[in-house]
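J.: Have a look at this one before I ask anything.
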Amino acid sequence: MGKFQIESLGMPHYKSPLKLSTVKGDNIFDFVSDADRLVFDQSMEYYNHCLKTGEAPLCLEKAGPRQDIFFDAQNTTAAIVTCGGLCPGINNVIRGVVMGLHYFYGVKKILGIPYGYEGLNPEKGHGFVELTPDKVKDIHQFGGTFLGSSRGSQDVSKMVDTLQANNIDILFAIGGDGTLKGVDAIGQEIKKRNAKISVVGIPKTIDNDIDLIDESFGFETAFDVASPILRDAHNEATGAFNGISIVKLMGRDSGFIAASAALSMPVVNFVLVPEMDFSLEGEKGFLKALEQRLELKRHAVIVVAEGAGQHLFQEKSGVKDASGNVKHKDIGLFLKEKIGEHFKGSSVTIKYIDPSYIIRSAPANSSDSVYCSRLAYHAVHGAMAGKTRFVSSKVNNKYVYVPISEVTQKRKEIDMEGEFWFSVLQSTGQPFSWA
Ligand SMILES: Nc1ncnc2c1ncn2[C@@H]1O[C@H](COP(=O)(O)OP(=O)(O)OP(=O)(O)O)[C@@H](O)[C@H]1O
Ligand SMILES: O=P(O)(O)OC[C@H]1O[C@](O)(CO)[C@@H](O)[C@@H]1O
Ligand SMILES: [Mg+2]
Numbered sequence: 001m002g003k004f005q006i007e008s009l010g011m012p013h014y015k016s017p018l019k020l021s022t023v024k025g026d027n028i029f030d031f032v033s034d035a036d037r038l039v040f041d042q043s044m045e046y047y048n049h050c051l052k053t054g055e056a057p058l059c060l061e062k063a064g065p066r067q068d069i070f071f072d073a074q075n076t077t078a079a080i081v082t083c084g085g086l087c088p089g090i091n092n093v094i095r096g097v098v099m100g101l102h103y104f105y106g107v108k109k110i111l112g113i114p115y116g117y118e119g120l121n122p123e124k125g126h127g128f129v130e131l132t133p134d135k136v137k138d139i140h141q142f143g144g145t146f147l148g149s150s151r152g153s154q155d156v157s158k159m160v161d162t163l164q165a166n167n168i169d170i171l172f173a174i175g176g177d178g179t180l181k182g183v184d185a186i187g188q189e190i191k192k193r194n195a196k197i198s199v200v201g202i203p204k205t206i207d208n209d210i211d212l213i214d215e216s217f218g219f220e221t222a223f224d225v226a227s228p229i230l231r232d233a234h235n236e237a238t239g240a241f242n243g244i245s246i247v248k249l250m251g252r253d254s255g256f257i258a259a260s261a262a263l264s265m266p267v268v269n270f271v272l273v274p275e276m277d278f279s280l281e282g283e284k285g286f287l288k289a290l291e292q293r294l295e296l297k298r299h300a301v302i303v304v305a306e307g308a309g310q311h312l313f314q315e316k317s318g319v320k321d322a323s324g325n326v327k328h329k330d331i332g333l334f335l336k337e338k339i340g341e342h343f344k345g346s347s348v349t350i351k352y353i354d355p356s357y358i359i360r361s362a363p364a365n366s367s368d369s370v371y372c373s374r375l376a377y378h379a380v381h382g383a384m385a386g387k388t389r390f391v392s393s394k395v396n397n398k399y400v401y402v403p404i405s406e407v408t409q410k411r412k413e414i415d416m417e418g419e420f421w422f423s424v425l426q427s428t429g430q431p432f433s434w435a
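Just so we're aligned: 206 in UniProt numbering is position 206 of the sequence shown, and the numbers increase by one with no gaps anywhere.
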């Protein structure tokens, strides 16, 4: 199977109940065909490479409703699970999937799986929640997840047993890299058993660290919530002679939230992210740069991502969460302590702000709400067509289906040589390099 080729459960043999068109110009949306593809790498360099080598360009399958579908909607049971940390917009996605299944296709039975993959382990005794349009119609107004979530591994084989025992035909998993690896493993087990169950991922993480896709839903809301906190941190810093505000923002291994929040509220003087190597001491160290900044302006705002500067700790964090993710040492408090020691004896006021979970438990902003609905509808169309082990996503600003295995190979990080990071440096005025 070629790269980016979406796996299918079999020949679609039902006609879609959607009254769409197949001709252009009639003002009715056209069904999307599996042959509708979009070139992945749009650079001139890649175009020239393809011309030179005769290679066909790598393409992604366009998302959208198919004319022929795999599942008989009347007899289809779908299920939705949400796993990992909270993220703005989860409820919008749940709502969108339920509405799409019910109103577009007429699917009658939709089950909510409580508390993440735990809910697929009958020994936990969580049961299922029956989801109807009436039950989910208002949930987009709230942050969090209507279904509850969890971390921690579950036996893949047992989870597939549960799907089969409950005649579930489609599983929608809303989650980050771990969830997507999990649902891909479930998909592989389903394939081994030659069962006809479609598994679909909808990438969720405020860290925005899912590879290949433009952005994960909820990320924008997260830095939107962080933005006024930075404004206020700036007020605190300017309110004192040599005032320093340190704000720690989430971002386990990628610093997108810290960097985007700083760009959205351009009062930040230093952004420290996990992708960055920096030292505290020395002529080119962070403390020297901070000293120079205070000398010049008498205040400074520092935004530090949770996973930044872990190399500065003498001992690595040995602590992991239930899913095996490393729980990083507290870089915010560490910085506060080191800055305090460095400026000991001089008149410096340090304010430390840790908004922590506040940025991810908020409801989705308008832009994320739009995004969540569209991702959910596309997930429904792909699943009903019998596609499996794919994520509904946006790449190069277009809605596409991408094999889950392609987005879970590595984590997305800020490119330190890229224009995005350069814009952060232009905004903060911090040194381009710490070496
Ligand atoms: N390779 C895997 N196979 C099966 N299940 C997995 C795998 N990796 C992770 N999981 C499961 O996926 C679930 C969610 O994983 P995790 O806690 O890492 O959150 P996440 O989806 O990555 O979201 P977040 O962005 O909050 O980290 C957990 O129940 C975890 O055990
Ligand atoms: O404390 P929890 O719920 O395990 O989650 C913390 C982690 O989850 C994230 O918010 C991603 O979902 C990370 O930024 C953070 O490191
Ligand atoms: Mg994760």
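All residues carry an ideal CB built from backbone N, CA and C; glycine is no exception.
#1: Let me know if Thr-132 comes out buried or exposed under the rule of 16 or more other beta-carbons within 10 Å of its beta-carbon.
#2: Given the structure, does Cys-87 come close to ligand 2, in the sense that its CB is under 7 Å from one of the ligand's heavy atoms?
#3: On the CB-based measure, 16 or more other CB atoms within 10 Å of its CB, does Ser-317 come out buried or exposed?
#4: Suppose the cutoff is 7 Å on Cβ atoms and the five residues either side in sequence are ignored; what does the same chain contact list for Gly-382 look like?
#5: In chain order, which beta strand (DSSP E) runs of at least 3 residues are fully inside the region 54 to 120?
#6: By DSSP, does residue 440 sit in helix, in strand, or in coil?
#7: Work out the CA separation of Ala-385 and Asp-68 for me, nearest whole Å.
#8: Taking 8 Å as the threshold, find out whether the region 97 to 116 comes into contact with the region 134 to 152 through three or more Cβ pairs.
#9: Pairs of beta-carbons, one from the region 90 to 101 and one from the region 182 to 190, closer than 8 Å: are there three or more?
#10: Are the beta-carbon atoms belonging to Ala-73 and Pro-122 less than 8 Å from one another?
#11: Please report the Cβ distance between Pro-88 and Ala-364, rounded to the nearest whole angstrom; I am assuming they are in contact, meaning their Cβ atoms lie under 8 Å.
#12: Out of Gly-429, Ala-56, Ser-347 and Gly-340, which one is the CA nearest neighbour of Arg-298?
#13: Which of the three DSSP states, helix, strand or coil, is assigned to Lys-52?
#14: Less than 8 Å between C-beta atoms, sequence neighbours within five positions excluded: which residues of the same chain meet that for Lys-24?
#15: Could you name the residues of the same chain whose beta carbon sits closer than 7 Å to that of Val-107, not counting the 5 residues immediately before and after it, in chain order?
#16: Roughly how many angstroms separate the alpha carbons of Lys-387 and Ser-8, rounded to a whole number?
#17: With distances taken Cα to Cα, identify the nearest neighbour of Thr-205 among Lys-351, Arg-360 and Met-159.
#18: How about Glu-83 and Gly-175: do their beta carbons lie closer than 8 Å?
#19: Does the beta carbon of Thr-205 fall short of 7 Å from some heavy atom of ligand 3?
#20: Roughly how many whole angstroms lie between the Cα atoms of Val-395 and Leu-60?
#21: Does the beta carbon of Asn-325 fall short of 7 Å from some heavy atom of ligand 3?
#22: When DSSP builds the beta bridges, which residues end up paired with Phe-270?
#23: Pick out whichever of Ser-216, Pro-274, Val-273 and Leu-287 has its Cα sitting closest to the Cα of Ile-244.
#24: Taking just the CA atoms, how far does Val-407 sit from Lys-181?
#25: Would the beta-carbon of Arg-411 be found less than 7 Å away from any heavy atom of ligand 2?
#26: Could you spell out the range, first to last residue, of the beta strand (DSSP E) harbouring Gly-243?
#27: Buried or exposed: which applies to Tyr-47, given that a residue is buried once 16 or more other Cβ atoms fall within 10 Å of its Cβ?
#28: With a threshold of 8 Å, are at least 3 pairs of Cβ atoms found where one atom belongs to the region 231 to 248 and the other to the region 327 to 342?
T.: Checking against the coordinates, here is how it stands:
#1: When all chains shown are included, Thr-132 counts as exposed.
#2: Checking every heavy atom of ligand 2 against the Cβ of Cys-87, one is found closer than 7 Å.
#3: Classification of Ser-317: exposed, given that the 10 Å Cβ count is below 16.
#4: Residues of the same chain with a CB within less than 7 Å of the CB of Gly-382, apart from the 5 flanking positions on each side, are Ala-63, Val-200, Phe-390, Ser-392 and Tyr-401 in chain order.
#5: Secondary structure in the region 54 to 120: the beta strand (DSSP E) runs of 3 residues or longer, each lying completely within the stretch, are 59 to 62, 77 to 82 and 109 to 113 in chain order.
#6: Given a span of 1 to 435 for the chain in the structure shown, any question on residue 440 remains unanswerable.
#7: In this structure, the CA atom of Asp-68 is about 7 Å from the CA atom of Ala-385.
#8: Between the region 97 to 116 and the region 134 to 152 there are three or more C-beta pairs closer than 8 Å, enough to call the two in contact.
#9: Short answer: they don't touch.
#10: Their beta carbons are not under 8 Å apart, which means Ala-73 does not touch Pro-122 by this criterion.
#11: The distance from the Cβ of Pro-88 to that of Ala-364 is about 4 Å, consistent with a contact at the 8 Å cut-off.
#12: Among Gly-429, Ala-56, Ser-347 and Gly-340, the Cα nearest to that of Arg-298 belongs to Ser-347.
#13: Helix.
#14: Cβ within range, chain order: Asp-30.
#15: Within the same chain, Val-107 has close Cβ partners Ala-73, Thr-76, Ala-78 and Leu-101.
#16: Approximately 4 Å between the Cα atoms of the pair.
#17: If we check each option's Cα against that of Thr-205, Arg-360 comes out closest.
#18: Before going on, a small fix: residue 83 reads as Cys here, not Glu. With contacts defined by Cβ atoms closer than 8 Å, Cys-83 and Gly-175 form a contacting pair.
#19: Taken from the Cβ of Thr-205, at least one heavy atom of ligand 3 lies inside 7 Å.
#20: Approximately 9 Å between the Cα atoms of the pair.
#21: Inclusion of Asn-325 in the 7 Å shell around ligand 3 follows from its C-beta lying nearer than that to a non-hydrogen atom of the ligand.
#22: Partner(s): Ile-302.
#23: Per the Cα distances, Leu-287.
#24: Whole-angstrom Cα-Cα distance: 9 Å.
#25: No - ligand 2 has no heavy atom lying nearer than 7 Å to the Cβ of Arg-411.
#26: 243 to 249 is the span of the beta strand (DSSP E), which, as asked, contains Gly-243.
#27: For Tyr-47, the number of other beta carbons within 10 angstroms of its own is below 16, and it is reported as exposed.
#28: Yes, since at least three Cβ pairs between the region 231 to 248 and the region 327 to 342 fall closer than 8 Å, the two stretches touch.
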